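Going by my numbering, the sequence shown opens with residue 186, and the numbers climb by one from there.
The C-beta atom is built at its ideal place from N, Cα and C for all residues, glycine as well.
Computed from a prediction, not measured in an experiment: that's the story for all the values here.
See structure below.
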Amino acid sequence: MKYQIDILRSDKTAHISYFQTFFYETDDPSENILHMLQTVSDDPAYKDRDGNLLGEIGFECSCLQKRCGACAMRINGEAKLACGARLSYYKKGRIRLEPLKKFPVVRDLIVDRSVMQDSLKKVEAFRQQEISLPKETDFLAQEASRCLQCGCCLEVCPNYLEGESFLGAAAMVPSARLVLEESPEAAEKVSKSYRKFLYEGCGKSSACQDVCPAHLPLDKLWAHANAAEVWHRKGRHKKAYE
Ligand code: SF4
Ligand code: SF4
Ligand code: FES
Numbered sequence: 186m187k188y189q190i191d192i193l194r195s196d197k198t199a200h201i202s203y204f205q206t207f208f209y210e211t212d213d214p215s216e217n218i219l220h221m222l223q224t225v226s227d228d229p230a231y232k233d234r235d236g237n238l239l240g241e242i243g244f245e246c247s248c249l250q251k252r253c254g255a256c257a258m259r260i261n262g263e264a265k266l267a268c269g270a271r272l273s274y275y276k277k278g279r280i281r282l283e284p285l286k287k288f289p290v291v292r293d294l295i296v297d298r299s300v301m302q303d304s305l306k307k308v309e310a311f312r313q314q315e316i317s318l319p320k321e322t323d324f325l326a327q328e329a330s331r332c333l334q335c336g337c338c339l340e341v342c343p344n345y346l347e348g349e350s351f352l353g354a355a356a357m358v359p360s361a362r363l364v365l366e367e368s369p370e371a372a373e374k375v376s377k378s379y380r381k382f383l384y385e386g387c388g389k390s391s392a393c394q395d396v397c398p399a400h401l402p403l404d405k406l407w408a409h410a411n412a413a414e415v416w417h418r419k420g421r422h423k424k425a426y427e
């Protein structure tokens with residue numbers, strides 16, 4: 186099948202931004218968008234619809250198997266992982282690629298997501314010393330540890346705006362994990378910041394859950410972390426999964 190790809194090319198240093206269109210043909214129904222980008226970007230002779238050389242496309246990737254979150258971008262307007270998005274899913278044959286819109290663009294599909302690390306520092310949702318994985322039975326805390334820090338959730342969150350006090354699901358997940366852990370010290374550490382930067386700004390619409398490529402049970406995480414941290418009903422989250 187032949188696909189028309191429209192890709193937003195930008196360069197923050199040159200202050201330019203424009204859509205470039207090219208065609209891509211493949212018979213492989215399992216081929217994904219990340220592979221397509223690698224193929225055309227690695228071909229110095231690949232031309233766009235107008236006959237201009239495509240040149241190297243800026244995009245990020247690492248694991249190639251939906252585990253690192255690096256390749257998150259907007260595909261036909263939806264925040265997704267490019268390595269998990271098959272070309273054949275787009276049956277109309279037109280695919281629009283744009284960088285995530287809630288982060289500053291560095292080049293083409295590369296964005297600067299350092300604000301997510303800043304958020305984690307702000308709520309102290311990280312460990313400074315030993316790492317202890319949750320017990321097998323602590324299902325929700327284990328699920329929370331699968332967060333990719335990809336930023337897709339921030340794209341759809343109506344309450345997240347960079348610079349505002351609410352830090353969004355990407356910070357809420359690691360915080361909720363600490364809240365739900367057994368260690369009172371860990372929970373105590375994030376207690377105040379959980380309420381101030383996360384609980385109070387979240388509208389609980391769960392739009393974030395619909396786009397999360399790791400399929401984290403965000404609604405359950407919010408419900409049980411709020412119960413523990415805001416309503417002081419600690420331990421209830423465990424009963425639901427025993
Ligand atoms: S909660 Fe989901 S969408 Fe948000 S950063 Fe983690 S893995 Fe990505
Ligand atoms: S539930 Fe709604 S407001 Fe809360 S983090 Fe998710 S998308 Fe944002
Ligand atoms: S390259 Fe790691 S999630 Fe896509």
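Just to confirm before moving on: does the CB-CB distance between C256 and L333 stay below 8 Å? As a working mapping, residue 256 is identified with position 71 in the sequence shown. As a working mapping, residue 333 is identified with position 148 in the sequence shown. Taking 8 Å as the Cβ cut-off, C256 and L333 do not qualify as a contacting pair.
Secondary structure at K176, three-state DSSP: helix, strand or coil? Given that the chain is displayed from residue 186 to residue 427, the structure contains no residue 176 and the question cannot be resolved.
Between the beta-carbon of S304 and the beta-carbon of A355, is there less than 8 Å? As a working mapping, residue 304 is identified with position 119 in the sequence shown. As a working mapping, residue 355 is identified with position 170 in the sequence shown. Result yes, Cβ atoms of S304 and A355 sit closer than 8 Å.
Thinking R259 and P289 are a contact (beta carbons under 8 Å), I'd like their distance in whole angstroms, please. Along the sequence shown, read from residue 1 onward, the residue named residue 259 stands at position 74. Along the sequence shown, read from residue 1 onward, the residue named residue 289 stands at position 104. So it is not a contact: roughly 15 Å between Cβ atoms.
Is it buried or exposed, L238, if we count other Cβ atoms within 10 angstroms and call 16 or more buried? One-based indexing of the sequence shown puts residue 238 at position 53. Under this definition L238 is an exposed residue.
Exposed or buried, I192, counting other C-beta atoms within 10 Å across all chains shown (16 or more means buried)? To locate residue 192, count along the sequence shown from 1; it is residue 7. When all chains shown are included, I192 counts as buried.
At the level of alpha carbons, what is the spacing between A425 and Y203? The residue given as residue 425 occupies position 240 in the sequence shown. The residue given as residue 203 occupies position 18 in the sequence shown. Since pLDDT at A425 reaches only 43, below the 50 mark, its modelled position is unreliable, and the value read off the structure follows with that caveat. In this structure, the alpha-carbon of A425 lies about 50 Å from that of Y203.
Checking 8 Å against the spacing of the C-beta atoms, do D293 and G243 come in under that value? On the sequence shown, position 108 is the one that residue 293 refers to. On the sequence shown, position 58 is the one that residue 243 refers to. In contact: D293 and G243 (Cβ atoms closer than 8 Å).
Taking 7 Å as the line, does the beta carbon of V296 fall inside it for any heavy atom of ligand 1? Along the sequence shown, one-based indexing puts residue 296 at 111. Not under cutoff, so the answer is no.
I believe A329 touches V358 by the beta-carbon criterion, under 8 Å. Please report the beta-carbon distance rounded to the nearest angstrom. Reading the sequence shown from its first residue, position 144 is the one you call residue 329. Reading the sequence shown from its first residue, position 173 is the one you call residue 358. The Cβ separation is near 5 Å, so the contact holds.
Express the C-alpha separation of E309 and L403 in angstroms, rounding to a whole number. Against the sequence shown, residue 403 aligns to sequence position 218. Against the sequence shown, residue 309 aligns to sequence position 124. Their Cα atoms are separated by approximately 20 Å.
Taking the straight line between their C-alpha atoms, what separation do you get for K307 and S378? The sequence position of residue 307 within the sequence shown is 122, counting from 1. The sequence position of residue 378 within the sequence shown is 193, counting from 1. Cα to Cα, the separation comes out at about 8 Å.
Can you tell me the Cα-Cα spacing of V300 and F382, whole angstroms? Walking along the sequence shown from the start, residue 300 turns up at place 115. Walking along the sequence shown from the start, residue 382 turns up at place 197. Near 14 Å, if we compare the C-alpha coordinates of F382 and V300.
Please report the Cβ distance between H409 and L365, rounded to the nearest whole angstrom; I am assuming they are in contact, meaning their Cβ atoms lie under 8 Å. Residue numbering aside, residue 409 sits at position 224 when the sequence shown is read from its first letter. Residue numbering aside, residue 365 sits at position 180 when the sequence shown is read from its first letter. So it is a contact: roughly 6 Å between Cβ atoms.
Closest to H220 by C-alpha separation, out of L249, D235, Y188 and E241, would be which residue? As a first step, residue 220 is located in the sequence shown; it is residue number 35 there, counting from the start. That would be L249, whose Cα lies nearest to the Cα of H220.
Let me check you understand the geometry: is the CB of P398 closer than 7 Å to at least one non-hydrogen atom of ligand 1? Along the sequence shown, one-based indexing puts residue 398 at 213. Yes, ligand 1 has a heavy atom inside 7 Å of this Cβ.
Heavy atom of ligand 1 within 7 Å of V358 beta-carbon: Position 173 of the sequence shown holds residue 358. Indeed, a heavy atom of ligand 1 lies less than 7 Å from the Cβ.
Just curious, the alpha helix (DSSP H) that Q223 is in, first and last residue? Position 38 of the sequence shown, counted from the start, is the residue given in the question as residue 223. Unbroken alpha helix (DSSP H) run through Q223: I218 to D227.
DSSP beta-bridge partners of R292: For the purposes of this step, residue 292 is taken as residue 107 along the sequence shown, with counting starting at 1. DSSP, once it has assigned bridges, lists D196 and I295 as partnering R292.
Kindly give me the distance between the Cβ atoms of G278 and Q189, rounded to whole angstroms, as I take these residues to be in contact under 8 Å. Counting from one through the sequence shown, the residue named residue 278 turns up at place 93. Counting from one through the sequence shown, the residue named residue 189 turns up at place 4. Indeed, because the Cβ distance is near 6 Å, the residues count as touching under 8 Å.
Inside the segment 375–410 only - alpha helix (DSSP H) runs reaching at least 4 residues: 392–396
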